[in-house]
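Engineer: Pasting a structure below so you can have a look.
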Amino acid sequence: MRKAGFEVVEDFPTTPTMMSEAIERHRKQVDLVVVGGGDGTLNSAAAGIIATGLPMGILPMGTANDLARTLNLPTDIDEASAIIAAGKTRRIDVGKANDNFYFNVASVGISVEIAKSLNKETKRFWGSLAYAKAAFSVIFRAKPFWAEIRSASGNVQVKTLQIAVGNGRFYGGGMVIAPDAAIDDRRLNLYSLECRRWWRLLWLAPAIWIGNPGQGSDVRTMSADEFEIRTHRSLPVNADGELVTQTPANFRVVPAAVSVFVP
Numbered sequence: 076m077r078k079a080g081f082e083v084v085e086d087f088p089t090t091p092t093m094m095s096e097a098i099e100r101h102r103k104q105v106d107l108v109v110v111g112g113g114d115g116t117l118n119s120a121a122a123g124i125i126a127t128g129l130p131m132g133i134l135p136m137g138t139a140n141d142l143a144r145t146l147n148l149p150t151d152i153d154e155a156s157a158i159i160a161a162g163k164t165r166r167i168d169v170g171k172a173n174d175n176f177y178f179n180v181a182s183v184g185i186s187v188e189i190a191k192s193l194n195k196e197t198k199r200f201w202g203s204l205a206y207a208k209a210a211f212s213v214i215f216r217a218k219p220f221w222a223e224i225r226s227a228s229g230n231v232q233v234k235t236l237q238i239a240v241g242n243g244r245f246y247g248g249g250m251v252i253a254p255d256a257a258i259d260d261r262r263l264n265l266y267s268l269e270c271r272r273w274w275r276l277l278w279l280a281p282a283i284w285i286g287n288p289g290q291g292s293d294v295r296t297m298s299a300d301e302f303e304i305r306t307h308r309s310l311p312v313n314a315d316g317e318l319v320t321q322t323p324a325n326f327r328v329v330p331a332a333v334s335v336f337v338p
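As numbered in our numbering, the sequence shown has no gaps in its residue numbers, which increase by one up to the final residue, 338.
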């Protein structure tokens, strides 16, 4: 960044809450914010970026880098820096789960157990395959739960293994949220896995990976700008790989909330 002519103000937050605090603390000193890390790090920066209105540059240094993948950003740090230096920006939507912003996906169910089973050592050793490895071990002990999904089109009761509400295009290390999902389409894409047998997940896995599980007895898909999910007992909500809130949860899209540097 310095070679490209930038005067760099460095900060090294050690906790998620300190990330947005650091951005707001430097808001009058800087013209843009560059975040180095993965989707969890970017998630921690979202509130500060939105509060300040500063454009965000991304150096993909995480395990999944799903937001970077959605924006077609290279994983090479020099190349990613060059994109920031070129100055082209794009406005993107963010999702909001209760009071918590997210870029990619927020979910209840299996993904929470996957997030709990992952640690830095596992991610470092397995890379993006860490998510698939964790998912494979989790589905064998997955238990369905009852939930009510509310949206402008009506309310529906479901018995499900997972409900995911996506904002971007990719999640979980490269899985596609929906075939036509985009991070600037002002809508959220929901899917609910309503398999009666765990082994059906293995059969559905390839279709889920490419974001086209179909509309049948096993998978329910919906699209809206806002959803509310209520469960019989309070369950944790995972957003961009981090446990951030609990049900009942309101999920809504915040259109064109962030300006990011893109190719």
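No residue lacks a Cβ here, since even glycine has one placed at the ideal position from N, Cα and C.
Please read all numbers here as calculations on a predicted model, not as lab measurements.
1) May I ask you to report which of helix, strand or coil DSSP gives Ser309?
2) For Ala256, I'd like the list of residues in its chain whose CB is within less than 8 Å of its CB, leaving aside the five on either flank, ordered along the chain.
3) Going by DSSP, which residues form a beta bridge with Asn230?
4) Tell me whether Val83 sits in a helix, a strand or coil according to DSSP, three-state version.
5) I need the boundaries of the alpha helix (DSSP H) containing Ala350, first residue and last residue.
6) Going by DSSP in three states, Ala126 sits in which element: helix, strand or coil?
7) Mind checking which residues open and close the alpha helix (DSSP H) that includes Pro91?
8) Looking at the structure shown, is Asp315 part of a helix, part of a strand, or coil, going by DSSP?
9) Mind checking Glu154: buried by the 16 CB within 10 Å criterion, or exposed?
10) So Met76 and Ser156 are in contact, right, with Cβ under 8 Å, and what is the actual spacing, rounded?
11) How big is the Cα-Cα spacing for Gly162 and Lys234?
12) With DSSP as the reference, label Glu301 as helix, strand or coil.
13) Would Val328 pass as a contact of Ala181 if the rule is Cβ separation under 8 Å?
14) Report the three-state DSSP secondary structure of Leu117 (helix, strand or coil).
15) Apply the 10 Å Cβ neighbour rule to Ser186 and answer buried if 16 or more other Cβ atoms are within range, or exposed otherwise.
16) Using the Cβ count rule (16 or more neighbours within 10 Å means buried), how would you classify Trp221?
Structural biologist: This is what the structure gives:
1) The answer is coil: DSSP assigns Ser309 none of H, G, I, E or B.
2) Excluding sequence neighbours, Ala256 sits near Gly241, Gly243, Arg244, Asn264 and Gly286.
3) Per DSSP, the beta-bridge partners of Asn230 are Arg225.
4) Coil at Val83, not helix or strand.
5) The structure shown does not extend to residue 350, since the chain is modelled only from 76 through 338, so no value can be given for it.
6) Ala126 falls in the helix class under three-state DSSP.
7) For Pro91, the enclosing alpha helix (DSSP H) covers residues Pro91 to Arg100.
8) Coil, per DSSP.
9) It is exposed - the Cβ of Glu154 has fewer than 16 other Cβ atoms within 10 Å.
10) Cβ-Cβ separation between Met76 and Ser156: approximately 6 Å, consistent with a contact (criterion under 8 Å).
11) Rounded to whole angstroms, the separation of the alpha carbons of Lys234 and Gly162 is 47 Å.
12) Under the three-state reduction of DSSP output, Glu301 falls in the strand class.
13) In this structure, Ala181 does not lie closer than 8 Å to Val328 by Cβ.
14) If DSSP states are grouped into helix, strand and coil, Leu117 belongs with the helices.
15) Ser186 is buried by the Cβ-count criterion.
16) Counting the other CB atoms within 10 Å of its CB gives Trp221 a total below 16, which places it among the exposed residues.
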